[in-house]
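S.K.:
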């Protein structure tokens, strides 16, 4: 599970009352009146500055008063957060006003404030019930409105990665803390972020290939995802190879007269070829991951262009058509390796 930004430093970056940017909220009366959800009459600017400087110093690894991509990578890593180089470049580019390739303290503060405004708008658009919280049904509905169909169980998996108090709902503070130092700015980008964070290769083929933004394709991020997915798939398939062999063995040899059990199947394979026979054929099974994924991705992109759409978020029937054809092309191309 992806770790939240709820460290004492990061979650205290903005005003504890949850008001945008930690700006001062006047009570309109004496010092004892209520102001904001924290019940305090004023969010002190000096306390806000102290929290921001504490986070800035945590991220400023080389102590030069500015945050470069290396500082962000190392600093966020120490907080348990891992961002791609593309994400870090987007953060620096968004906040770098003087175009020197790094963020000073003032630029860093302005970036956080501007980014929080965008996160607030996305949060409100996902909060269909207008109750200040996002639940699994609202995530399912919001993604369905964009042509992305997921189950409620998948939505709950997304919620668990952000939920800090176990309520299975996300309030504004949890939403902000989770996305604050990730350069997502709108719903399609957040959906792609969730998708890249939760999809794993489990040894079976997905009908629809993974989708990448235009920027990810231009910067080469797509092949990094494919390589990482291929490596993860190789490990997972190697670990489950004995079970795959057992499945085939039981499908071929098990019958009413030959009631084969799991232990009996493993025993038969070991007796026939030793322990190494449990992984027989796994080399080809691993080698085919890379060409299959690459062919499927390239075919998917070409088919999208052929049917006249190059959008990041396809409609359901377009995704079904492109994904089915891409899968058929990829499977036909690697069929000799299957047999």
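Numbering (full-length UniProt numbering), first residue to last: 1 to 339.
Just so you know, even glycine gets a beta-carbon here, dropped at the ideal spot from N, CA and C.
#1: Mind checking whether residue 336 and residue 278 have CB atoms under 8 Å apart?
#2: Using C-beta distances below 7 Å, list every residue in its chain close to residue 150, excluding the 5 sequence neighbours before and after it, in chain order.
#3: With DSSP collapsed to three states, give me the class of residue 307.
#4: Can you tell me whether residue 296 is buried or exposed, with buried defined as 16 or more other CB within 10 angstroms of its CB?
#5: If we ignore side chains and look at the alpha-carbon of each, how far apart do residue 166 and residue 159 end up?
#6: With a CB to CB cut of under 8 Å and the five nearest residues on each side skipped, what residues in its chain are close to residue 329?
#7: Let me check understanding here. Comparing Cα to Cα, which of 317, 227, 251 and 131 lies closest to residue 290?
#8: Taking the C-alpha atoms as reference points, what is the distance between residue 86 and residue 333?
#9: With a threshold of 16 other CB atoms inside 10 Å of the CB of residue 273, please say whether the residue is buried or exposed.
#10: Could you check if residue 293 is buried or exposed, using at least 16 other CB atoms within 10 Å of its CB as the buried criterion?
#11: What three-state label does DSSP hand residue 256 in the structure shown?
#12: Just to confirm the assignment, what range does the alpha helix (DSSP H) spanning residue 336 have?
#13: Taking all protein chains shown into account, do 16 or more other C-beta atoms lie within 10 angstroms of the C-beta of residue 285, making it buried, or fewer, making it exposed?
#14: Please name the residue, chosen from 249, 256, 257 and 276, that lies closest to residue 361 on a Cα-to-Cα basis.
#15: Report yes or no: do the stretch 91 to 104 and the stretch 64 to 76 share at least 3 C-beta pairs separated by less than 8 Å?
#16: With a threshold of 7 Å on Cβ separation, who are the neighbours of residue 253 within its own chain once the five nearest residues in sequence on each side are excluded?
#17: Can you grab the Cα-Cα spacing for the pair residue 325 / residue 301, in whole Å?
#18: If you run the structure through DSSP and keep just helix, strand and coil, what is residue 150?
#19: Going by C-alpha distance, which of 65, 118 and 128 is nearest residue 102?
#20: Cα separation between residue 385 and residue 265?
#21: Can you tell me whether residue 63 is buried or exposed, with buried defined as 16 or more other CB within 10 angstroms of its CB?
M.R.: From the atom records:
#1: Taking the first residue of the chain shown as position 1, residue 336 is located at position 336. Taking the first residue of the chain shown as position 1, residue 278 is located at position 278. No, the Cβ-Cβ distance between residue 336 and residue 278 is not below 8 Å.
#2: As a working mapping, residue 150 is identified with position 150 in the chain shown. If we look at residue 150 and ignore the five residues flanking it on each side, its Cβ neighbours are 140 and 143.
#3: Taking the chain shown and counting its residues from 1, the one referred to as residue 307 is at position 307. Of the three classes helix, strand and coil, the one that applies to residue 307 here is coil, per DSSP.
#4: The residue given as residue 296 occupies position 296 in the chain shown. Residue 296 is buried by the Cβ-count criterion.
#5: Indexing the chain shown from 1 puts residue 166 at position 166. Indexing the chain shown from 1 puts residue 159 at position 159. Answer to the nearest angstrom: the Cα atoms are 10 Å apart.
#6: The residue given as residue 329 occupies position 329 in the chain shown. For residue 329, the CB contacts under 8 Å within the same chain, skipping 5 residues up- and downstream, are 295, 296 and 299 in chain order.
#7: One-based indexing of the chain shown puts residue 290 at position 290. Of the candidates 317, 227, 251 and 131, the one whose C-alpha sits nearest the C-alpha of residue 290 is 227.
#8: In the chain shown, the residue the question calls residue 86 occupies position 86. In the chain shown, the residue the question calls residue 333 occupies position 333. Each residue's alpha carbon lies about 32 Å from the other.
#9: The residue you call residue 273 lines up with position 273 of the chain shown. The residue in question, residue 273, is exposed, as its Cβ has fewer than 16 Cβ neighbours within 10 Å.
#10: Residue numbering aside, residue 293 sits at position 293 when the chain shown is read from its first letter. With 16 or more other Cβ atoms from the protein chains shown falling within 10 Å of its own Cβ, residue 293 counts as buried.
#11: One-based indexing of the chain shown puts residue 256 at position 256. DSSP places residue 256 in coil when its eight states are reduced to three.
#12: Translated into the one-based positions of the chain shown, residue 336 becomes position 336. Annotation for residue 336: the continuous alpha helix (DSSP H) segment containing it runs 335 to 338.
#13: The residue given as residue 285 occupies position 285 in the chain shown. When all chains shown are included, residue 285 counts as buried.
#14: Because the chain is modelled from 1 through 339, residue 361 falls outside the range shown and cannot be assessed.
#15: When C-beta atoms of the stretch 91 to 104 are compared with those of the stretch 64 to 76, three or more pairs fall below 8 Å, so the two segments count as touching.
#16: Here residue 253 is taken as the residue at index 253 of the chain shown, counted from 1. These residues qualify, in order along the chain: 260.
#17: The residue you call residue 325 lines up with position 325 of the chain shown. The residue you call residue 301 lines up with position 301 of the chain shown. Taking the straight line joining both Cα atoms gives about 11 Å.
#18: The count along the chain shown starts at 1 and reaches residue 150 at position 150. The answer is coil: DSSP assigns residue 150 none of H, G, I, E or B.
#19: Your numbering for residue 102 matches position 102 in the chain shown. Comparing Cα positions, the closest option is 65.
#20: Absent from the structure is residue 385, since the part of the chain shown begins at 1 and ends at 339.
#21: Position 63 of the chain shown, counting from 1, holds the residue named residue 63. With a threshold of 16 other beta carbon atoms within 10 Å, residue 63 falls short and is exposed.
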